[in-house]
Amino acid sequence: METSIPTEYNLDNVYKTFNNVIDKSDNQSIHLREFIIAFRELSNYYRMTDQNIINLRSADPFADVTGSSVLDSGAPGGAGGQRSSNLIHIRIQQRSGKKTLTTVQGIGEEFDKKRLLRAFKKKFACNGTVVEHQEYGEVIQLQGDQRTNVSQFLKEIGICQTEQLKVHGF
Numbered sequence: 001m002e003t004s005i006p007t008e009y010n011l012d013n014v015y016k017t018f019n020n021v022i023d024k025s026d027n028q029s030i031h032l033r034e035f036i037i038a039f040r041e042l043s044n045y046y047r048m049t050d051q052n053i054i055n056l057r058s059a060d061p062f063a064d065v066t067g068s069s070v071l072d073s074g075a076p077g078g079a080g081g082q083r084s085s086n087l088i089h090i091r092i093q094q095r096s097g098k099k100t101l102t103t104v105q106g107i108g109e110e111f112d113k114k115r116l117l118r119a120f121k122k123k124f125a126c127n128g129t130v131v132e133h134q135e136y137g138e139v140i141q142l143q144g145d146q147r148t149n150v151s152q153f154l155k156e157i158g159i160c161q162t163e164q165l166k167v168h169g170f
């Protein structure tokens with residue numbers, strides 16, 4: 001969705017108003033007031049359109065999935081590429097005592113792992129990290145047994161389907 005900045009909110013107009021404030025010695029308060037109003041409107045405009053900024057490094061896993069999306073393109077983790085390497089493995093590991101660690105491996109490169117981790121931590125009320133594994137690449141680690149939570153969440157937001165998930169456990 002391409003949006004353009006209205007001319008009254010254009011950054012050049014804000015700079016011109018600011019230069020008028022600096023250049024004119026008389027009526028500075030009027031120009032300053034105009035500048036403050038224009039600056040507030042510009043910041044409100046950017047705050048409203050901040051959600052439309054495209055993350056060029058990775059796909060937004062929380063965006064609505066439409067006809068031609070990453071999931072349909074045959075990328076790993078998508079519905080079009082039915083290869084054995086596109087499985088998402090969710091494992092649990094025993095730590096000391098009763099404590100466990102859930103690892104999520106195999107999420108495609110088109111998804112931002114740190115952003116997913118932030119959503120996991122918020123939704124499941126646990127801590128976690130993204131670690132670089134020499135064989136598996138980036139792996140998400142979560143505290144506690146989050147296998148069912150993670151698998152349901154990944155299916156809900158459309159990153160994968162049930163047949164693409166492999167849940168390992170005790």
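Sequential numbering of the sequence shown, starting at 1, is according to full-length UniProt numbering. Here a beta-carbon is modelled for each residue, glycine too, at the ideal position from N, C-alpha and C.
So what does DSSP say about R95, is it helix, strand or coil?
-> coil
Those residues which DSSP pairs with I140 across a bridge | V104, V130
So, using beta-carbon positions, are V131 and Q141 closer together than 9 angstroms?
-> The Cβ atoms of V131 and Q141 lie closer than 9 angstroms to each other.
Could you spell out where the beta strand (DSSP E) holding L87 opens and where it closes?
-> Here L87 belongs to no beta strand (DSSP E), and DSSP marks it neither H nor E.
Reference I159; option with closest CA among I88, K123, I37, E34 | Of the candidates I88, K123, I37, E34, the one whose C-alpha sits nearest the C-alpha of I159 is I88.
With 16 other CB atoms within 10 Å as the buried threshold, where does K113 fall?
-> buried
Can you grab the Cα-Cα spacing for the pair T100 / Y136, in whole Å?
-> 20 angstroms
Beta-carbon contacts of L117 that lie in its chain and below 6 angstroms, excluding the five residues immediately before and after = G128, V130, I140
Just the C-alpha distance for Q143 and G106, rounded to the nearest angstrom, thanks.
-> 18 angstroms
In angstroms with no decimal places, state the Cα-to-Cα distance between K98 and K123.
-> 22 angstroms
Classification of G108 by the beta-carbon crowding that lies within 10 angstroms, buried from 16 upward | G108 should be labelled buried.
Residues in its own chain within less than 7 angstroms of V167 by CB, not counting five upstream and five downstream?
-> I90, R147, S151
Measuring CA to CA, which of Q161, L165, R40, E156 is closest to T103?
-> L165
Pick from S96, A125, A119, E138: whose alpha carbon is nearest that of E110?
-> E138
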